[in-house]
Amino acid sequence: MAHEHDAAGTTAASTPQQTGRAHDERAAYDFAAIQGKWLPVWEELRPFATDDPADTRPRKYILDMFPYPSGDLHMGHAEAYALGDVIARYWRQQGFNVLHPIGWDSFGLPAENAAIKRGLDPAGWTNDNIAQQKASMRRYAPSFDWDRVLQTSDPAYYRWNQWLFLKLYEKGLAYRKASQVNWCPFDQTVLANEQVVGGRCERCDNLVTKKKLTQWYFRITDYADRLLDDLNQLEGAWPSKVISMQRNWIGRSTGADVTFRIEGRDEPVTVYTTRPDTLYGVTFMVVAPDSDLASELVEGARPEVRKRFDDYLDVVRGTTEMDRLSTEREKTGVFLERHAINPLTGERIPIWAADYVLSDYGHGAIMAVPAHDQRDLDFARAFDLPVRVVVDTTQPVTGAIPVIHTDPETGEPILPDEAALENPSETGIALTGEGRLINSGPFDGLSKSNAIRRVTEALQASNLGAPAKNFRLRDWLISRQRYWGTPIPIIHCEQCGEVPVPESELPVLLPPAEGLDLQPKGTSPLGAATDWVNVSCPNCGGPATRDTDTMDTFVDSSWYFLRFLSANDSTQAFDPREAEKWAPVDQYVGGVTHAILHLLYARFITKVLFDLGYISFTEPFTALLNQGLVLMDGSAMSKSRGNLVKLSEQLDEHGVDAVRLTMAFAGPPEDDIDWADVSPSGSAKFLARAWRIADDVTSAPDVVWKTGDPALRRATHRFLADAPGLIESFKFNVVVARLMELVNATRKTIDSGPGAGDAAVREAAEVIAMALNLFAPYTAEDMWSKLGYEPSVALAQWRKPDPTLLIEESVTAVVQVDGKVRDRLEVSPKIAADDLESLARDSEAVQRSVGDREIVNVIVRAPRLVNIATKPRA
């Protein structure tokens, strides 16, 4: 008898039992036994290996954000890896060779702090946690290729971190400079801007201060335009929220650089502004108190001025950046008793130091236009500084340029409507709207956009300014004053300066932690490893020292997706030929908490590697799925709240498959899951119900399906048709719901229909097993075996639906009268609207409902709906 389907690499192993057993004789669904049975089989079969060069299937690269080994897996991991695995397993069923690797992001502060607290070596603590997580991950059964595992604290990995650093250094993208940096006083290390959240360290939640240090940076700002513009490539494939967060963080603005001469200073000061049109309204200048410019301007100042400035600077250094930028905060500052000259008016304006200006914004100084900027206005009112209106916001900005009348005695322009244009110095509200220029000499009457262009042209013609762009994005600070990270491969020589470690000497290994004091102290513990620090210069052979800082761990994760392609290659970071085969990542899965930090850095490094000729693509992750959080009783889980749910206990109580299925069924992936509101026990009952169907099937694997019950076959093929689109749009919960309906339909056919021997029952049971592979792999594999096939069901190809079974023989049309359902009609799916209306009007139930009322409107949506509206007859 000919077989109607292709099991895609699976063959019949044995004929299943031909007779069903009585309900009370059935074996119980024992998830622990099923897990114990199949895990070692998968270990031996390696069904998800991707190392066969003869494999000609099209490729897909599915990647989950790799975990940090802080302890055993938790509920958040359970959700992330369940959802990512649905996608990986789905694409295998669609005929793809799927690369789905796993590794550990194992360097960083949490491991080092935990090791210090316990008096342990960070390496030992980290490796123990990785071993624990790896065992739990295998039990959880994601379809990982376990031959491509990596951990970033392994010298075999961080050697290539150092190689990457050297490539950026050669290209001028890695550099060292002294500047004000974010400083975490608890962890005693610097932080990138992105690692300061709400003014606090993202790791320890302590307030962050500022400190001047010489640090290593990656010149990510050189790529700011590309990082922003290339987000257009990701529209529709990345969550819109993430794209907006990236755009806002890069923060491009356009305006002009304006040159202000400073009295008593040879070099002028350049100020960036988005509003060069308001230059005539500048009444003072503000410099960041922690900038080099401020320090220079107070040199030689009167002692009392210098003391006021120094005292103020001490306060500023202890103030968070968020507080400094707050519009609610009272404005403070110090007059430096220095003056600048307005390049357009020649007016002499005072220079103040104030904390609402940041040293890394633009050039660390701003021109203050208090009439049209709220923070400038608040400062001006606090210190009784002049406020000059130069934009009349009561005037329209479209149409003809209005005539500007002037006072015949003074020559000053007369405002068109003095009463309408309120004085900001009195109201305390800056005039920030559109309008036309006033009090601006030759530019009076121009609209904002025209004035920006004309003023910029005038500045450029006089060599006093030029068009400019500015970015919120700052260069990536990668230095860390801690032990547990990648050593920076630079040697410092008094004769030669900075000398890169030759590539042939990589990796620069971390010295053993034994004997080092790892307690945070503001300088790297590596400085105490004198035998490690003191070396000979590779250039001149003279005495030299290693750089004692380690790299930010976001460097580790900025390119790890490429290392997976050549995880066991000791000759190169990754093979460009493998990158051509697999990369970029087709689907990336992880938390939205990395929407700025990790994704931005990975995008930057990808563009650098593209420019260096190592890869042929410019974006690392083609599509992105963010999963929500797993909560308990509406709050994040924690021991202190008493609402911590341990994944290991849930797995012991309900089984791996029930937990995985619950994660998929809980709702859309991006939504948070409240564990108090879901039912893993309910999932377990459903799995047992599905699993028993395989026991009940009595037909042979080669039965002709088309001889089976038509109703069940239609339900099966509708599921086959609908599930792929739902999976690809991440509606996993809907697929589970549809699968539950199919299980119910199959059970109904077995118990009260044609019976367990019907061919359609076998067909449905096989489809159920294949679909369960996405969510509950242990149960699916056991069903597949009971149905007579060899493992693994994960390699079985998704079946194509029979189009003849997708044609509905009839549909139910709902008939409403004045919004209330009065009848349901079984009609052809192809019924015409006029015919459906006639049937509805002829319905006895409808006629009774209408009675003697007048029908005033009929809306027909064939073949599903007729809505009749009535009113009392006159």
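Going left to right, the sequence shown walks through residues 3 to 876 as my numbering numbers them. C-beta: ideal position from N, C-alpha, C; glycine also. Source: prediction; values computed, not measured.
The alpha helix (DSSP H) runs lying completely inside the region 305-355 and spanning 4 residues or more are 305-319, 323-327, given in chain order. Under the three-state reduction of DSSP, ASN735 is assigned to helix. Within the model, the alpha-carbon separation for PRO622 versus PRO578 is close to 14 Å. Inclusion of TYR225 and LYS609 in the CB contact set at 8 Å is warranted, their separation being smaller than that value. Judged by DSSP in its simplified three-state form, LYS873 adopts strand. Beta-bridge partners of TYR177 (DSSP): TYR219. Excluding sequence positions up to five before and after LYS243, its CB lies less than 6 Å from no other CB in the same chain. In the DSSP assignment, GLU114 falls within the unbroken alpha helix (DSSP H) covering 111-120. Residue range 450-463 is occupied by the alpha helix (DSSP H) that includes ASN452. Per DSSP, PRO469 is one residue of the beta strand (DSSP E) stretching across 467-473. Here SER481 carries a strand assignment [DSSP, helix/strand/coil]. DSSP, read as helix, strand or coil, puts GLY283 in helix. Exclusion of the five residues before and after ASN869 leaves GLN818, ILE861 as the residues of its chain whose Cβ lies within less than 6 Å of its Cβ. For the pair THR429 and THR261, the Cα-to-Cα distance works out to about 31 Å. Straight-line spacing of the CA atoms in VAL88 and ALA82 works out to 10 Å. For TYR171, the CB contacts under 7 Å within the same chain, skipping 5 residues up- and downstream, are PRO502 in chain order. The Cβ atoms of LEU439 and LEU448 sit closer than 8 Å to each other. Boundaries of the alpha helix (DSSP H) around THR781: 779-788.
Proximity of the region 299-308 to the region 373-391 falls short of the contact definition, fewer than three beta-carbon pairs being nearer than 8 Å. Partner residues in a beta bridge of HIS76, as assigned by DSSP, do not exist.
Counting along the chain, the unbroken alpha helix (DSSP H) around GLY684 starts and ends at 682-698.
Counted as a single uninterrupted DSSP element, the alpha helix (DSSP H) harbouring HIS600 occupies residues 599-613. Annotation: the continuous beta strand (DSSP E) that includes GLY593 extends over 589-593. When secondary structure is reduced to three states using DSSP, ASN628 falls in the strand class. Secondary structure note for HIS719: its alpha helix (DSSP H) is the uninterrupted segment 712-730. Residue pairing from DSSP places GLY499 in a beta bridge opposite CYS495. With at least 16 other beta carbons inside 10 angstroms of its own, ASN115 counts as buried.
Approximately 6 Å separates the beta-carbon atoms of ASP53 and ASP149; this is inside 8 Å, confirming the contact. TRP240 carries a strand assignment under DSSP once its states are collapsed to helix, strand and coil. Between LEU338 and ILE353, the C-beta gap is smaller than 8 Å, which places the two residues in contact. Of the other Cβ atoms in all chains shown, fewer than 16 fall within 10 Å of the Cβ of ARG120; this residue is therefore exposed.
In the DSSP assignment, TYR274 falls within the unbroken beta strand (DSSP E) covering 271-275. Note: ALA678 is not bridge-paired with any residue in the DSSP secondary-structure output. With distances taken between CA atoms, ASP268 lies nearest to ALA342 out of ALA342, TYR177, ARG824, ALA239. Residue range 813-819 is occupied by the beta strand (DSSP E) that includes ALA815.
Separation of the CB atoms of LEU433 and ALA373 is rounded to 6 Å, and the pair is thereby assigned contact status at 8 Å.
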